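Counting from 37, one number per residue, gives the positions in the sequence shown under my numbering.
Here a beta-carbon is modelled for each residue, glycine too, at the ideal position from N, C-alpha and C.
These numbers were taken from a predicted model, which means no experiment stands behind them.
Written below as C-alpha cells is the structure these notes are about.
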Amino acid sequence: MDTIRVSLGDRSYPIYIGSKIMQDQDLVQNAITAKQVLIVTNNVVAPLYLRQLETTLSAKQQHSLILPDGESEKTLPTLSRVLDVLVQKKFHRDACLIALGGGVIGDITGFAAACYQRGVEFVQIPTTLLAQVDSSVGGKTGVNHPEAKNMIGAFHQPNCVLADTDSIRTLPKRQFYSGLAEVIKHGLILDREFFDWLEDNLINVLTQDMNALTYIVRKSCEIKADIVAKDELEQGARALLNLGHTFGHALESLKGYGEWLHGEAVAIGINLAAETSRELGMLDAEDCKKIRSLLTQANLPIVDPNIDSNELFKLMKLDKKNSSSGLRMVLLKNLGKGVVITNPNEKIIKKVLQAQSKS
Ligand SMILES: NC(=O)c1ccc[n+]([C@@H]2O[C@H](COP(=O)([O-])OP(=O)(O)OC[C@H]3O[C@@H](n4cnc5c(N)ncnc54)[C@H](O)[C@@H]3O)[C@@H](O)[C@H]2O)c1
Ligand SMILES: [Zn+2]
Numbered sequence: 037m038d039t040i041r042v043s044l045g046d047r048s049y050p051i052y053i054g055s056k057i058m059q060d061q062d063l064v065q066n067a068i069t070a071k072q073v074l075i076v077t078n079n080v081v082a083p084l085y086l087r088q089l090e091t092t093l094s095a096k097q098q099h100s101l102i103l104p105d106g107e108s109e110k111t112l113p114t115l116s117r118v119l120d121v122l123v124q125k126k127f128h129r130d131a132c133l134i135a136l137g138g139g140v141i142g143d144i145t146g147f148a149a150a151c152y153q154r155g156v157e158f159v160q161i162p163t164t165l166l167a168q169v170d171s172s173v174g175g176k177t178g179v180n181h182p183e184a185k186n187m188i189g190a191f192h193q194p195n196c197v198l199a200d201t202d203s204i205r206t207l208p209k210r211q212f213y214s215g216l217a218e219v220i221k222h223g224l225i226l227d228r229e230f231f232d233w234l235e236d237n238l239i240n241v242l243t244q245d246m247n248a249l250t251y252i253v254r255k256s257c258e259i260k261a262d263i264v265a266k267d268e269l270e271q272g273a274r275a276l277l278n279l280g281h282t283f284g285h286a287l288e289s290l291k292g293y294g295e296w297l298h299g300e301a302v303a304i305g306i307n308l309a310a311e312t313s314r315e316l317g318m319l320d321a322e323d324c325k326k327i328r329s330l331l332t333q334a335n336l337p338i339v340d341p342n343i344d345s346n347e348l349f350k351l352m353k354l355d356k357k358n359s360s361s362g363l364r365m366v367l368l369k370n371l372g373k374g375v376v377i378t379n380p381n382e383k384i385i386k387k388v389l390q391a392q393s394k395s
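Laid out in C-alpha cells, this is it:
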C-alpha cells in the first residue's frame with residue numbers, strides 16, 4: 037500500500053492507495069475514528085461494495101443512504117436528503133460521513149459534511165478512476181445549479197482518502213478511459229517523466245495490471261496533492277489542473293451533459309490546448325503528435341467534428357474559471373510544463389476550433 041500526504045497544516049490528511057483497502061479492518065478503523073458514521077453511496081456502487089464496507093466498519097454505529105445514480109442527482113434536493121438523514125438519525129457534530137462512489141457521490145457527500153452543523157468530518161472512498169486520481173483529493177465539494185454545473189459548493193477537506201484500486205476493475209471501460217484523461221493531464225502539466233512512463237507502459241494500464249493502476253493513482257495523487265498544498269483555494273498554481281477544461285467544459289455544455297463523459301471532453305480539450313500552444317509557437321509539432329497519439333491509444337477522442345466552432349468559442353468565454361480580465365486557459369510550453377495564459381490570441385483559438393471541426 038502507498039500513502040501520500042496532502043500537506044495543509046492542521047487540515048493535512050493521508051491518501052491510502054492499494055489493493056483490498058476496503059477490506060483492511062485495521063486501516064479503515066484507524067482512519068475513521070468517529071463512532072457514528074453515515075455511508076452515502078448510490079444504487080450502482082451499493083450492490084458491489086456496501087456490504088463489504090459495512091463489515092469492515094463493523095463496530096461502529098452506522099447508517100447508509102443509497103441515492104439514485106447519475107450526475108443529474110448532484111442537486112440541492114439530493115443534498116437535502118443527506119441532511120434530512122443526519123438530522124432525523126440525530127447525528128452529532130463528531131460524526132463522520134463516508135462517500136462511497138465516484139465523483140458525484142464524493143462531491144455531494146463532501147458538501148453535506150461541509151454544511152451539517154457548519155462542518156463535520158468526512159472520508160472519501162473513491163470507486164472510479166476519475167475520483168481516485170482527481171475529485172477525491174483537494175477538498176472541492178458541491179452540487180450543480182439547474183443552469184450551471186458545480187455552481188454551489190464549498191472547500192471542505194476530507195479526513196482521509198481510501199483509494200482501493202480493486203474497485204477500478206468493476207468500472208465500465210468507457211468510464212475507465214475517461215479517468216485516464218485526467219491522469220495524462222497530470223503528466224502534461226507538471227511531470228514529463230510521468231508522461232514518458234505512460235507512453236511506455238500504457239498497455240499495462242489498459243490491461244489493468246494492479247501495479248500499473250496503483251502507480252498511476254499514486255503519481256496523480258502526488259501531483260494533485262502538491263498543487264493543492266501550494267494553492268488550496270485556487271488562486272494560482274491550482275489553475276494548472278484545468279488543462280483541457282476550458283474547451284472541455286464548453287463542449288460538455290454545448291452537447292448537453294451525458295453525450296461526452298467528462299474525461300472524454302477533457303481529452304478533446306487537451307488536444308485543442310496542445311494545438312493552440314503549437315499555433316502560438318510554444319509547443320513543437322512532434323510533441324503535439326505525441327499527445328494525440330497517447331490520448332488515442334488510451335481510447336479517448338481527440339476531436340468532435342459535429343460542433344459549431346463559433347458556439348463553442350462563445351461558451352468558452354462564459355467559463356467560470358475566467359477572470360474578470362478575460363479568457364483564461366492553460367496551455368503547454370512543453371511536455372510536462374503547463375502555463376496559465378490570460379487573454380490568449382482569440383484568432384488563433386478560433387482557427388484551431390475551426391480546423392478541428394473540419395477534421
Ligand atoms: N471535486 C472535484 O475536485 C472534482 C474534480 C473532478 C470531477 N468532479 C466531479 O466528479 C463527477 C464525475 O465523477 P465520476 O467520473 O467518478 O462519475 P460518477 O460518480 O457518475 O461515476 C461514474 C459511473 O460509474 C459508476 N461507478 C462508480 N464506481 C463504480 C465501480 N467501482 N464499478 C462500477 N461502476 C461504478 C457510478 O455509479 C456512475 O454510474 C462530476 O460531477 C464532476 O463534476 C469533481
Ligand atoms: Zn476534470
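{"Asked": "Hey, would you say Ile-144 sits closer than 8 angstroms to Val-179, going by beta carbons?", "Found": "yes"}
{"Asked": "Who does Thr-177 pair with in a DSSP beta bridge?", "Found": "Ala-190"}
{"Asked": "With a Cβ-Cβ cutoff of 8 angstroms, do Lys-71 and Lys-96 count as a contact?", "Found": "yes"}
{"Asked": "Could you round the C-beta distance between Asp-200 and Lys-291 to whole angstroms and report it? I think they count as a contact, below 8 angstroms.", "Found": "Between Lys-291 and Asp-200 the Cβ distance is about 32 angstroms, and since that is not below 8 angstroms, they are no contact."}
{"Asked": "Could you spell out where the alpha helix (DSSP H) holding Ser-48 opens and where it closes?", "Found": "Taken as a continuous stretch (DSSP letters only), Ser-48 belongs to no alpha helix (DSSP H), as it is neither H nor E."}
{"Asked": "From the DSSP output, which residues share a beta bridge with Gln-97?", "Found": "Gln-72"}
{"Asked": "Mind checking whether Tyr-49 and Thr-39 have CB atoms under 8 angstroms apart?", "Found": "no"}
{"Asked": "Answer yes or no: do Lys-176 and Gly-189 have a C-beta to C-beta separation smaller than 8 angstroms?", "Found": "yes"}
{"Asked": "Ignore the nearest five residues each way along the sequence and tell me which others in Asn-79's own chain have a CB closer than 8 angstroms to its CB.", "Found": "Ile-102, Leu-103, Pro-104, Asp-105"}
{"Asked": "Any heavy atom of ligand 2 closer than 7 angstroms to the Cβ of His-281?", "Found": "yes"}
{"Asked": "Tell whether a beta-carbon distance below 8 angstroms holds between Leu-297 and Ser-172.", "Found": "no"}
{"Asked": "Could you pull out every unbroken alpha helix (DSSP H) segment of at least 4 residues lying fully inside the region 236-310, listed in chain order?", "Found": "246-266, 281-291"}
{"Asked": "For a quick check, are the C-beta atoms of Val-366 and Ala-310 less than 8 angstroms apart?", "Found": "no"}
{"Asked": "Round the Cβ separation of Phe-212 and Leu-165 to the nearest angstrom and send it over; I've been treating them as touching at under 8 angstroms.", "Found": "5 angstroms"}
{"Asked": "Less than 8 angstroms between the C-beta atoms of Leu-122 and Tyr-152, yes or no?", "Found": "yes"}
{"Asked": "Examine ligand 4 and report whether any of its heavy atoms sits within less than 7 angstroms of the Cβ of Glu-300.", "Found": "As presented, the structure is devoid of ligand 4, carrying ligand 1 and ligand 2 as its sole ligands."}
{"Asked": "For ligand 1, any of its heavy atoms closer than 7 angstroms to the Cβ of Lys-221?", "Found": "no"}
{"Asked": "Terminal residues of the continuous alpha helix (DSSP H) containing Glu-218?", "Found": "209-226"}
{"Asked": "Taking 7 angstroms as the line, does the beta carbon of Ser-100 fall inside it for any heavy atom of ligand 1?", "Found": "no"}
{"Asked": "Please report the distance separating the alpha-carbon of Ala-167 from that of Val-253.", "Found": "10 angstroms"}
{"Asked": "Compute the distance between the beta-carbons of Val-302 and Gly-174, then report whether it is under 8 angstroms.", "Found": "no"}
{"Asked": "Can you list, in chain order, the residues of its chain whose CB lies under 6 angstroms from that of Asn-240, leaving out five sequence neighbours each side?", "Found": "Ala-248"}
{"Asked": "Just to check my reading of the structure: Asn-379 and Gly-362 have Cβ atoms closer than 8 angstroms, yes? What is that Cβ distance to the nearest angstrom?", "Found": "4 angstroms"}
{"Asked": "Between the Cα of Ile-220 and those of Ile-338, Lys-383, Phe-191, Gln-88, spot the shortest distance and give me the residue it belongs to.", "Found": "Ile-338"}
{"Asked": "Using alpha carbons as the reference points, say which of Gly-372, Asp-170, His-222 lies closest to Leu-319.", "Found": "Gly-372"}
{"Asked": "Helix, strand or coil for Lys-125 per DSSP?", "Found": "coil"}
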